[in-house]
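So the structure is just underneath, and the comments pick up after that.
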Amino acid sequence: MAVAILLVGGFGTRLMPLTKNTPKPMLTVAGVPVTEHQIAMAKSAGITEIVLATSYLSEVFIPHFGDGSKWGIKIKYAVENEPLGTGGAIRNAAQLLDSKESIVVLNGDVLSSHNLKEQIKQHEAHDADVTLHLTQVEDARAFGCVPTDEEGRVTAFLEKMENPVTNQINAGCYVFNPRVISTIPLDTVVSVERETFPQLVASGAKVFGYVESAYWLDIGTPRALLKASIDIVKRNGEFLAMPGSFIDPAATVAGGSCIGANTVIGAGAVIEGSIIESGCVIGSNSTIINSFVATGANIAENAKIASSCVTNSEILLIP
Ligand code: GTP
2 MAVAILLVGG FGTRLMPLTK NTPKPMLTVA GVPVTEHQIA MAKSAGITEI VLATSYLSEV
62 FIPHFGDGSK WGIKIKYAVE NEPLGTGGAI RNAAQLLDSK ESIVVLNGDV LSSHNLKEQI
122 KQHEAHDADV TLHLTQVEDA RAFGCVPTDE EGRVTAFLEK MENPVTNQIN AGCYVFNPRV
182 ISTIPLDTVV SVERETFPQL VASGAKVFGY VESAYWLDIG TPRALLKASI DIVKRNGEFL
242 AMPGSFIDPA ATVAGGSCIG ANTVIGAGAV IEGSIIESGC VIGSNSTIIN SFVATGANIA
302 ENAKIASSCV TNSEILLIP
């Protein structure tokens, strides 16, 4: 059995202005907040208890998730008044967990269908200090890479480079032995990626890689967020309309678009490859292509929007 910490307290600056009022993990992918996808994934791996490590816009999470009973899982909340970084957040949140079980840590902005149960099993079989999910990418130059030896032990955490020595990268899902978490200082800003992990490897701790390249996507940028939603929606059809939405019969919705609850799409509107969040009003004959429209936004009739993030007060081209 294992318990989990979800890191959901970052500012999500790369997704501004979408993250002005909504924390990144609460943005929707295929009609459901990213955090809900992660809770489902954790639950299916046998996790029974999760702490949400919150900071930025922390007040959004409790009313939505409550005690977790709706999802059949126990949810608790750790709030950092000032963001403590990934390591500080883990240390702070772990105080709410029974310290004897393996602790799974999930970055709140990753969608992954890797076999977490197997990752936990290997971690425990190795009696490891930490076991990181590593995924293989075609071009590792945009990432730091994580080489492992023939036994699967991590040998280094390398910064981005022109000629990466491996295509294995940190996929943002860790299994910790609780004794390691208790060595991270309390109430201190610490990065696990830049400080804790490299220090553990340097000190000879048992840091293992669990290499699996199942579906994996970091939704930290608008392009990636759209791709994640389109990928999931397209598994079942051309578009997804959440309960309570209304699409005028004379509108066209396609390309893996998702229409949020209580959103109204006017006659003649064309929506292609986009996420329209809940409570939006999309004017008739408007065109929205490859864009993200934030909760409650009103789009004027005849508007032409392409590759943009839109809120009620801002529109920004996706880089
Ligand atoms: P950018 O500002 O766009 O880089 O996004 P971010 O602030 O979310 O940072 P990053 O993608 O590096 O964070 C990885 C994960 O850790 C995300 O799920 C964040 O929500 C989370 N995170 C980052 N910093 C903190 C922190 O200080 N506290 C907590 N609780 N979570 C954090």
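Here the sequence shown stands for residues 2 to 320, where the numbers follow my numbering. Glycine residues also receive a C-beta, built at the ideal position from the N, C-alpha and C atoms.
Under 8 angstroms between C-beta atoms of residue i and residue j
i    : j    : result
K25  : G153 : no
V106 : I91  : yes
L28  : L226 : yes
S275 : S292 : yes
L117 : A54  : no
H134 : A172 : yes
Y211 : T132 : yes
G267 : S285 : yes
I220 : V61  : no
A262 : M243 : yes
S103 : A206 : no
I277 : I260 : yes
S155 : F209 : The question names Ser, but residue 155 is Val in the sequence shown. Going by C-beta atoms, V155 is nearer than 8 angstroms to F209.
I233 : A31  : yes
F144 : P199 : no
H124 : V176 : yes
S113 : C174 : yes
T312 : K21  : yes
I319 : R224 : yes
V138 : N164 : no
I63  : A5   : no
Residue i classed as buried or exposed, judged by whether at least 16 other C-beta atoms fall within 10 angstroms
i    : result
T296 : buried
T149 : buried
D130 : buried
N82  : exposed
V166 : exposed
S246 : buried
N303 : exposed
G10  : buried
S214 : exposed
A43  : buried
S258 : buried
N178 : buried
H65  : exposed
L187 : exposed
T136 : buried
G197 : Sequence inspection shows Thr at residue 197; the Gly mentioned does not correspond to that position. That one is buried.
A229 : buried
A141 : buried
A301 : exposed
A203 : exposed
N93  : buried
Beta-carbon proximity list for residue i, same chain, < 6 angstroms, skipping 5 on both sides
i    : result
S59  : V80
T222 : R15
G269 : A251, S285 and N286
N299 : V282
G69  : K75 and I76
E273 : A255, G256 and I290
K305 : T288
Residue i beta carbon near ligand 3 (any heavy atom closer than 7 angstroms)
i    : result
P223 : In the structure shown, ligand 3 is absent; the only ligands present are ligand 1.
Residues near residue i in its chain [Cβ-Cβ closer than 7 angstroms; skip 5 each side]
i    : result
L97  : V52, K77 and A79
I40  : I51, W72 and I74
L317 : P18, S309 and C310
V193 : T87, G88 and I91
H127 : K207 and F209
Y57  : G10, G11, F12, P24 and P84
A307 : I290, N291 and S292
V190 : L85, G86 and G89
Chain-order list of residues whose beta-carbon lies under 8 angstroms from that of residue i (same chain, five-residue window excluded)
i    : result
E37  : W72
L201 : D130, V131, V181 and V208
K235 : G257
M162 : R142 and C146
Runs of alpha helix (DSSP H) wholly within the stretch 208 to 276 (minimum 4 residues, chain order): Those alpha helix (DSSP H) runs which fall completely within the stretch 208 to 276 and span 4+ residues are 223 to 237.
Minimum length 3: unbroken beta strand (DSSP E) runs contained in the stretch 25 to 86: Runs of the beta strand (DSSP E) inside the stretch 25 to 86: 50 to 55 and 75 to 80.
Complete runs of the beta strand (DSSP E) confined to the stretch 100 to 186 [at least 3 residues]: As far as the stretch 100 to 186 is concerned, its whole beta strand (DSSP E) runs of at least 3 residues are 103 to 108, 111 to 113, 131 to 137 and 169 to 177.
In chain order, each beta strand (DSSP E) run of at least 3 residues that lies wholly inside the stretch 280 to 309: 288 to 290 and 305 to 307, all fully within the stretch 280 to 309.
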